[in-house]
Amino acid sequence: MTKDLEGKGAVITGSSRGIGAATAQLIAARGAGVVVNYRAKAPRANKVVKGIEEAGGRAVAVGADLTEDTGAKTLVDAAVENFGSLDLLILNASGGMEADRGEDYALKLNRDAQVNMVKAALEVMPAGSQIVFVTSHQAHFINQTATMDAYEPVARSKRAGEDALREMVPQFDEKGITLTVVSGDMIEGTITATLLDRAQPGAIEARREAAGKLYTVEEFAAEIASLVNKPGLEQAHTELVGGAEDFLSRQ
């Protein structure tokens, strides 16, 4: 594997499991030092770090709740202190279906926390850096295509987060930083898919039929990683990963 990210520092939010963890492993394998972020489950994050280190990579587990004021700065500082710089920020943390976090939690995490994280990162990111925002087709196309009731607050808040980051493009241009948006369908085996299927039995199967196939966590992580450091990406490019045809046909 090419070591094109050697000497780079990366922060991947929400990377103690699932898509974030799989992406962290792929980015570390290319030479980047990775800050593996978790909110509450330190053992899971430590396991991801151990796997990266055993494969010859560099990583550190850092606990930070992005909805808290100090969360973003904690992650930025960890990248600079451990790896010398922050050159890659992958905004993977997402949520809003948790019953115990309050009704404004989705917007707080999926929009406000994303913007705060980016603002903190911009203070140290050098020209040539990249910010990757991970979203879903259900969120990306929410203004044109309705989604399941259980997911609607999450979808609308994630779209609000994407819009807020797109509004920051002039700042990114000024600093020579590229924003890339990666939108995927429902992903097999993720906590969101599990919760949706519980709220609306048959939801996963219906989506699988409409899309033709649903990506696994590892397959989607590989798509995200393939856009990191990819030459010729336009500013604010949106990559639609799998199953978007039926969304596009409803535009």
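Our numbering puts the sequence shown at residues -18 to 232. Even for Gly, the Cβ is constructed at its ideal location relative to N, Cα and C.
Reducing DSSP to helix, strand and coil, say where ASN63 ends up. helix
Pairing CB atoms from the region 112 to 119 with CB atoms from the region 153 to 167, are three or more of them under 8 Å? Judged by Cβ distances under 8 Å, the region 112 to 119 makes contact with the region 153 to 167, as three or more pairs qualify.
Can you tell me whether ALA192 is helix, strand or coil according to DSSP? helix
Please name the residue, chosen from ASN18, PRO212, ASP130, that lies closest to PRO182 on a Cα-to-Cα basis. ASP130
With a threshold of 16 other CB atoms inside 10 Å of the CB of GLN125, please say whether the residue is buried or exposed. exposed
Identify whether VAL30 lies in helix, strand or coil by the three-state DSSP scheme. helix
Can you give me the C-alpha to C-alpha distance between ILE(-7) and ARG179, rounded to a whole angstrom? 28 Å
Would you tell me roughly how many angstroms separate the C-alpha atoms of LEU221 and HIS118, rounded to the nearest one? 8 Å
Going by the beta-carbon positions, is the gap between ASP68 and LYS(-11) smaller than 8 Å? yes
Is the beta carbon of ALA40 less than 8 Å from the beta carbon of LEU47? no
Determine the extent of the beta strand (DSSP E) in which GLY14 is found, giving its start and end residues. 14 to 19
Residues near ALA36 in its chain [Cβ-Cβ closer than 8 Å; skip 5 each side]: GLN6, ALA9, ALA10
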